[in-house]
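Numbering (this note's numbering), first residue to last: 8 to 249. Don't be surprised by glycine CBs; every beta carbon is placed ideally from N, CA and C. So the structure is just underneath, and the comments pick up after that.
Next up, the structure:
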């Protein structure tokens with residue numbers, strides 16, 4: 008077995024249909040047990056169109072008294088919820104995610120104590136949609152019926168596990184090919200996969216929508232482009248060579 012202390016760093020990229028892969032590597036002899044290994048860092052990227060979207064609506068009201076702010080907020084929520092529920096399918100949902108009434112302070116002059124000038128009530132709702140083509144319609148419905156702001160969409164995939172697996176498997180396959188190529192240069196062979204670790208991530212692109220609660224009814228429907236999202240797997244694989 009050749010046991011010279013070769014250090015080699017390489018970078019390669021591979022484009023396969025919707026997948027892009029990159030790798031880096033090194034070969035070294037472990038001092039503790041004299042095992043010759045190749046350490047490979049490899050990335051797998053799978054592009055996929057999200058099929059689940061989450062919107063976060065907020066109802067915010069302000070009044071001189073806390074009770075008045077809360078009552079005003081409740082009236083808007085009573086208008087908002089039935090309209091949104093009617094627009095959702097059996098597989099979709101709306102859920103309250105936060106509620107609070109807090110004082111609004113002003114600071115008249117430097118060094119003087121703050122004063123409470125009003126109270127603000129906030130109520131947040133999370134709406135999950137399975138039909139992403141209707142995002143714009145639901146945004147407009149919410150803003151025209153009580154909501155004062157909306158954030159999102161935040162994308163998800165019903166096939167997330169499968170997409171994670173595809174990205175990781177392709178990254179590992181690329182790592183194996185690179186390990187074999189490096190070993191061949193030194194007249195070695197890959198004996199076995201000694202160790203592997205994986206990190207999975209996605210790169211969502213949330214879009215913020217300003218308050219259009221008082222937009223005219225004839226306004227054009229909000230246009231949301233779903234596009235594709237990158238599912239990224241990064242692995243570190245250690246191969247034993249012989």
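For residue 198, the enclosing beta strand (DSSP E) has its first and last residue at 197-209. Annotation: residue 230 to residue 84 spans about 25 Å, alpha carbon to alpha carbon.
Between residue 77 and residue 125, the gap from beta carbon to beta carbon reaches 8 Å or more. Looking at the DSSP output, residue 131 shares a beta bridge with 65 and 105. DSSP places residue 154 outside both helix and strand once states are collapsed to three, so it counts as coil.
Beyond the five residues adjoining it in sequence on each side, residue 202 comes within less than 6 Å, by CB distance, of 245 in the same chain, given in chain order. Taking a cut-off of 8 Å on C-beta distances, the region 106-122 does not touch the region 152-160, as fewer than three cross pairs fall below it. In this structure, DSSP gives residue 137 a state outside helix and strand, which the three-state scheme calls coil. CA-CA distance, residue 166 to residue 75, rounds to 46 Å. Going by beta carbons, residue 247 and residue 196 fall outside the 8 Å limit. Residue 41 counts as exposed, since fewer than 16 other C-beta atoms from the protein chains shown sit within 10 angstroms of its C-beta. Residue 168: member of the alpha helix (DSSP H) spanning 167-192, first to last residue. Look at the beta carbons and you see the region 43-60 not touching the region 89-97: under three pairs across the two are nearer than 8 Å. Rounded to whole angstroms, residue 164 and residue 113 show a C-alpha spacing of 45 Å. Residue pairing by DSSP places residue 110 opposite 126 in a beta bridge.
Cα atoms of residue 171 and residue 186: separation of roughly 23 Å, rounded to the nearest angstrom. By the 16-neighbour rule on beta-carbons within 10 angstroms, residue 71 is exposed.
Look at residue 43 here: in three-state DSSP terms it is strand.
Rounded to the nearest angstrom, the gap between the Cα atoms of residue 81 and residue 109 is 15 Å. Here residue 190 is actually not in contact with residue 242; their C-beta atoms are around 18 Å apart, not less than 8 Å. In this structure, the straight-line span from the alpha carbon of residue 181 to that of residue 49 is close to 7 Å.
Counted as a single uninterrupted DSSP element, the alpha helix (DSSP H) harbouring residue 79 occupies residues 73-94. For residue 248, the beta-bridge partners assigned by DSSP are 197.
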